[in-house]
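J.: Under this note's numbering, the first residue of the sequence shown carries the number 10, and numbering increases by one thereafter. Heads up, the beta-carbon is just placed ideally off N, CA and C, and yes, glycines get one too. Source: prediction; values computed, not measured.
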Amino acid sequence: MIALVTGAGSGIGAAIAERLAADGHRVAINDLSLDAARATAAKITAAGGTAGAYGADVSNEAEVNAMVKAITDEFGAPEILVNNAGFGHQALFVDITPAQFDRMFAVHVRGNYICTRATLPAMLQKGEGHIVNIASQLGQVGGVELVHYSGAKAAIIGMTKALAREVSDKGVRVNAVAPGPINTPLVEALSEDWKSAKRAELPLGRFGSPADVAGAVSFLCSSDAALFVGQTLGPNSGDVML
Ligand code: NAD
């Protein structure tokens, strides 16, 4: 199938793109940084896979529409969409500015909506497709100094459930993955104090790797997951014992 992975120039998105390519899919690599997208695409190509790199801000409708048209011209319309692009920002609620709040929701929530809007019609027309939304365990339990991030990730879980109800009988399965702490540049930037305290409270005692998340996405896009609809899988080292 043809897969579009957003924010795939780094971390979890790069691992998802590499895994989907290894699974035999042709992968369109999106990132805000075209250079980062190209680096992931080059790794996939070097490993014998097929990939193309596309720079676009997922919250920008014109850029996303142009990107989806370019992907469709080069490979065909995406049949798998992984809404992964995102960023972290930690601040006390009283210190979060309206501009920071808006940007958090623009990239994570609006970006999800814009990318899904640009790709879903072709999936519906074909009667087949997979959408996997990367949420976070912090959207389920709430994170300290992360009201805007937790709110945006909780929104993604709600959108996943609602869209799944609307399109699953038309052949498009929509699910989410809500990772716990994963070793990526986003988490490496957090303080050592936070990381060691967090590690100590995890039942597994360690953070996950991007490949752990990629495995969950690969599963959701496979026929093994035929009955998974509107679900949120949690590769989280036991951080959320729901
Ligand atoms: P990362 O910083 O390693 O990678 C994120 C990528 O997204 C970067 O390459 C960045 O350039 C890109 N990006 C950011 N804004 C973008 C935009 N507007 N348009 C296109 N690309 C954009 O971070 P990561 O840890 O790999 O995070 C990936 C996703 O996983 C995010 O949605 C994040 O919230 C989520 N997540 C991460 C963790 C974790 O512990 N690392 C846990 C739960 C959820």
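Take residue 25 as the anchor and find which of 44, 77, 42, 53 has the nearest alpha-carbon.
T.: The option with the nearest alpha carbon to residue 25 is 53.
J.: Is DSSP giving residue 213 helix, strand or coil here?
T.: Residue 213: coil per DSSP, three-state reduction.
J.: Alpha carbon to alpha carbon, how far is residue 143 from residue 15?
T.: For residue 143 and residue 15, the distance between alpha carbons rounds to 10 angstroms.
J.: Quick one: using the 10 Å Cβ neighbour count with 16 as the cut-off for buried, is residue 77 buried or exposed?
T.: Burial call: buried.
J.: Alpha carbon to alpha carbon, what distance is there between residue 102 and residue 230?
T.: Going from the Cα of residue 230 to the Cα of residue 102 covers about 37 angstroms.
J.: Could you pull the DSSP bridge partners for residue 64 from this structure?
T.: Paired residues: 40.
J.: Using the Cα positions of residue 148 and residue 65, report the straight-line distance between them to the nearest angstrom.
T.: Looking at the two C-alpha atoms, the distance is approximately 25 angstroms.
J.: Using CA coordinates, which residue listed in 245, 20, 244, 183 is at the minimum distance from residue 95?
T.: That would be 20, whose Cα lies nearest to the Cα of residue 95.
J.: Give me, in chain order, the residues of the same chain whose beta-carbon lies closer than 7 angstroms to that of residue 68; leave out the 5 immediate sequence neighbours on both sides.
T.: Here the set comprises 115, 116, 119, 120, 123.
J.: Alpha carbon to alpha carbon, how far is residue 127 from residue 73?
T.: For residue 127 and residue 73, the distance between alpha carbons rounds to 7 angstroms.
J.: Would a C-beta distance cut-off of 8 angstroms place residue 154 and residue 99 closer than the cut-off?
T.: Cβ distance < 8 angstroms, so residue 154 and residue 99 count as in contact.
J.: Are the region 164-171 and the region 188-205 in contact at 8 angstroms, needing three or more beta carbon pairs?
T.: With the cut-off at 8 angstroms, the region 164-171 and the region 188-205 do not touch.
J.: Only counting runs of 4 or more residues, tell me where the alpha helix (DSSP H) segments fall wholly within the region 70-152, in order along the chain.
T.: DSSP runs (the alpha helix (DSSP H)) wholly in the region 70-152: 70-83, 107-114, 120-135, 147-150.
J.: Looking at the ligand NAD, does it come within less than 7 angstroms of residue 190, judged from the CB to the closest heavy atom?
T.: Because some heavy atom of the ligand NAD lies under 7 angstroms away, the Cβ of residue 190 counts as near it: yes.
J.: Roughly how far, in whole angstroms, is the beta-carbon of residue 238 from the beta-carbon of residue 146, given that I think they are within contact range, below 8 angstroms?
T.: 21 angstroms between Cβ atoms; not a contact.
J.: Could you round the C-beta distance between residue 46 and residue 62 to whole angstroms and report it? I think they count as a contact, below 8 angstroms.
T.: Between residue 62 and residue 46 the Cβ distance is about 4 angstroms, and since that is below 8 angstroms, they are a contact.
J.: Express the C-alpha separation of residue 86 and residue 158 in angstroms, rounding to a whole number.
T.: Straight-line Cα distance between these residues: approximately 31 angstroms.
J.: Check each candidate in 50, 36, 41 and name the one with the smallest Cα separation from residue 84.
T.: The option with the nearest alpha carbon to residue 84 is 36.
J.: Could you check what DSSP says for residue 181 in three-state terms: helix, strand or coil?
T.: It is a strand residue.
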